[in-house]
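The sequence shown: position 65 = 749 (the working numbering), numbered continuously.
We put the beta carbon where it would ideally sit given N, CA and C, even for glycine.
Treat the numbers as computed from the prediction; the structure is a model and nothing was measured.
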Amino acid sequence: MSKKFVTVFGSSLPKPGDKEYEVAYQLGKKFAENKLNVCTGGFLGIMDAVSKGANENGAEAVGVTLDIYNVTPSKFLTREIKCHTLFERLGNLLEIGAAYVVLQGGTGTLVELSLVWEYMNKKMIADKPFACHSKMWKEIVDIMEVQIKKEGRKNGLIKCFDDINELANYIITSLA
């Protein structure tokens, strides 16, 4: 198995059987089948689904958890990294990823998307494959790209996909 990790961000709310959960599971599975490991925030919902898909198919599933939450981590993690602060957690999620994927989520996921984007935009980390899946993220990215262009910064750091398989293939081929 490769030592490369794809950090996947997304909501803690989807449950098994929900569309978002199943999409995340399939993504974790596809990454594992292509010798990629996953890293998530380590809890429920999309984080659990991605970890399950990866773990059940032979990949590592690292969860970067925050100890202020009174929540049990995903049972599909192969390793847990416990953090004491949100900033420590975000730093680990950023550092571990050779690529980043943003699935459906709320304000926490928006913070994660923004952090990765800002670090790449300001050259605080190297450009890495970075993809979003959902109409909502595409709309946010499109709005921000206008401002980024106006500022004279690099556009196109985030690729948006409607099709999860196209997203997966983009990440897989980019890391090959």
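- Put simply, the backbone Cα of Asn849 is about 11 Å away from that of Phe715.
- Arg837 counts as exposed, since fewer than 16 other C-beta atoms from the protein chains shown sit within 10 angstroms of its C-beta.
- For Tyr753, there is no enclosing beta strand (DSSP E), since its DSSP letter is neither H nor E.
- Leaving aside the five residues that flank Ile809 on each side, the residues in its chain whose CB is nearer than 6 Å to its CB run, in chain order, Tyr803.
- For Ala783, the secondary structure class from DSSP, reduced to helix, strand or coil, is strand.
- Secondary structure note for Ala860: it is in no beta strand (DSSP E), with a DSSP letter that is neither H nor E.
- For the pair of segments examined, the stretch 810–818 was found not to touch the stretch 747–761: the number of CB pairs separated by less than 8 Å stays below three.
- It is roughly 24 Å from the alpha-carbon of Ile780 to the alpha-carbon of Ser818.
- The criterion of a C-beta distance shorter than 8 Å is satisfied by Ala852 and Leu711.
- The count of Cβ pairs closer than 8 Å, one atom from the stretch 734–748 and one from the stretch 793–801, stays below three, leaving the stretches out of contact.
- Its Cα nearest to that of Cys844, the residue Met820 stands out among Asn721, Met820, Lys688 and Leu770.
- In this structure, the straight-line span from the alpha carbon of Gly775 to that of Ile730 is close to 20 Å.
- At a Cβ-Cβ threshold of 8 Å, Val707 and Leu787 count as neighbours.
- Buried is the label assigned to Asn718, since at least 16 other Cβ atoms lie within 10 Å of its Cβ.
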